[in-house]
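Everything in the sequence shown is counted per numbering that gives the first Met the number 0, starting at 0 for the first residue and increasing by one.
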Amino acid sequence: MLHRWRHKTASIPLSRRAAECEAWHQGIIVARKCELMDARAALQKGLSASIFILARLKGIGYGAEIDHFGLDERVTDREWECVSPKLEETMKDFRMMETQLYNPRQRLLVELYNDYVHKPAPEGGAIDLPPSVVDLAKCAAFDTVIKLPEVNVVETNAFEPAFEQLPMSVVQWRGNVERQLASLIVVPINPTAAGVPVVGLQTQEQKPVDRLKLAVAVLHGFHAGCLWKSACILAFSL
Numbered sequence: 000m001l002h003r004w005r006h007k008t009a010s011i012p013l014s015r016r017a018a019e020c021e022a023w024h025q026g027i028i029v030a031r032k033c034e035l036m037d038a039r040a041a042l043q044k045g046l047s048a049s050i051f052i053l054a055r056l057k058g059i060g061y062g063a064e065i066d067h068f069g070l071d072e073r074v075t076d077r078e079w080e081c082v083s084p085k086l087e088e089t090m091k092d093f094r095m096m097e098t099q100l101y102n103p104r105q106r107l108l109v110e111l112y113n114d115y116v117h118k119p120a121p122e123g124g125a126i127d128l129p130p131s132v133v134d135l136a137k138c139a140a141f142d143t144v145i146k147l148p149e150v151n152v153v154e155t156n157a158f159e160p161a162f163e164q165l166p167m168s169v170v171q172w173r174g175n176v177e178r179q180l181a182s183l184i185v186v187p188i189n190p191t192a193a194g195v196p197v198v199g200l201q202t203q204e205q206k207p208v209d210r211l212k213l214a215v216a217v218l219h220g221f222h223a224g225c226l227w228k229s230a231c232i233l234a235f236s237l
């Protein structure tokens, strides 16, 4: 029997056996490609169904507390079910910290800042446009004091170094505000089509803040009265 099988296989041409092996090999390659495509499709489907962790936390009511987190990752519904209980406990701890620890310090800053702006400015510390206390609390020098660990007792003297840095903090705050406002000023792609004269048009070297100053100067020159009335109406409507 074995002799017959050997005789039969020996009679098969070598080229035919090579063709059969090549066909089998190509079939394996196609099958692996299909498996890889299916795996990629499943992964993409999972990513499209996933939502960033911070978005999920914000959706269940934790808005201010997510500022304590810097990194954000996507999670699927199944992954969220695993991590959400521990995360919610952590967020509750941060919320309690905000209420019991940070809020009293922020109220103390309100009192100190109110006294500061109503007193004569120290030498070299005059401020023409002071920020609101909300913006002030976000400045690094004041934010550091507010968010000191619980073991630190924050009293009036704790804010003294921050108030010494107030002029520099105001310069940084004002620069950030100007950049945000300047980003809202859009230069037409085709100035001539928009009716903008070519003479005196901004060059690429000009900074966005320059556009802001130009816009303020124009508004102040032509609409000073209207701006003043609008500002008064806005102030008394708040």
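The beta carbon of each residue, even a glycine, is placed where N, CA and C say it ideally should be.
CB contact flag (residue i, residue j, <8 Å)
i: Val169; j: Ala157; result: no
i: Ile126; j: Pro160; result: no
i: Arg173; j: Leu128; result: yes
i: Leu183; j: Glu149; result: no
i: Ala140; j: Gln164; result: yes
Pick from the options that is closest to residue i, judged by C-alpha positions
i: Phe162; options: Tyr112, Pro119, Cys20; result: Tyr112
i: Leu102; options: Asp76, Arg77, Gln25, Ala136; result: Note on identity: in this sequence residue 102 is Asn, with Leu being the wrong assignment. If we check each option's Cα against that of Asn102, Ala136 comes out closest.
i: Pro130; options: Glu88, Val176, Glu19, Leu86; result: Val176
i: Lys146; options: Lys118, Ala120, Phe93, Pro121; result: Phe93
Cut-off 7 Å between Cβ atoms - residues of its own chain near residue i, not counting five sequence neighbours on either side
i: Arg15; result: none
i: Lys288; result: The requested residue 288 is not part of the displayed model; the chain covers only 0 to 237.
i: Gln203; result: Here Gln203 scores only 49 on pLDDT, less than 50, and its place in the model should not be relied on; the value that follows carries that caveat. If we look at Gln203 and ignore the five residues flanking it on each side, it has no Cβ neighbours.
i: Asp134; result: Trp172
i: Val132; result: Leu108, Val109, Tyr112
i: Ile232; result: Note that Ile232 scores a pLDDT of 46, beneath 50, so its modelled location is shaky and nothing firm can be said.
Spatial neighbours of residue i in its chain, beta-carbon cut-off 6 Å, leaving aside the 5 residues before and after
i: Cys33; result: none
i: Glu19; result: none
Sequence-distant residues of its chain with Cβ nearer than 8 Å to residue i (five each side left out)
i: Tyr115; result: Phe162, Leu165
i: Ile142; result: The amino acid at residue 142 is misidentified as Ile; the sequence shows Asp. Result list for Asp142: Ala136, in chain order.
Distance cut-off 7 Å: residue i Cβ against heavy atoms of the ligand PLP
i: Pro119; result: This structure lacks the ligand PLP; in fact it carries no ligand of any kind.
(message) Three or more C-beta pairs under 8 Å: does that hold for the stretch 96-116 against the stretch 146-162?
(response) Yes: at least three Cβ pairs fall under 8 Å.
(request) Can you check the stretch 100-136 for any alpha helix (DSSP H) of at least 4 residues that lies completely inside it and give the ranges in chain order? (result) Taking only runs of at least 4 residues, the alpha helix (DSSP H) segments lying wholly in the stretch 100-136 are 102-117.
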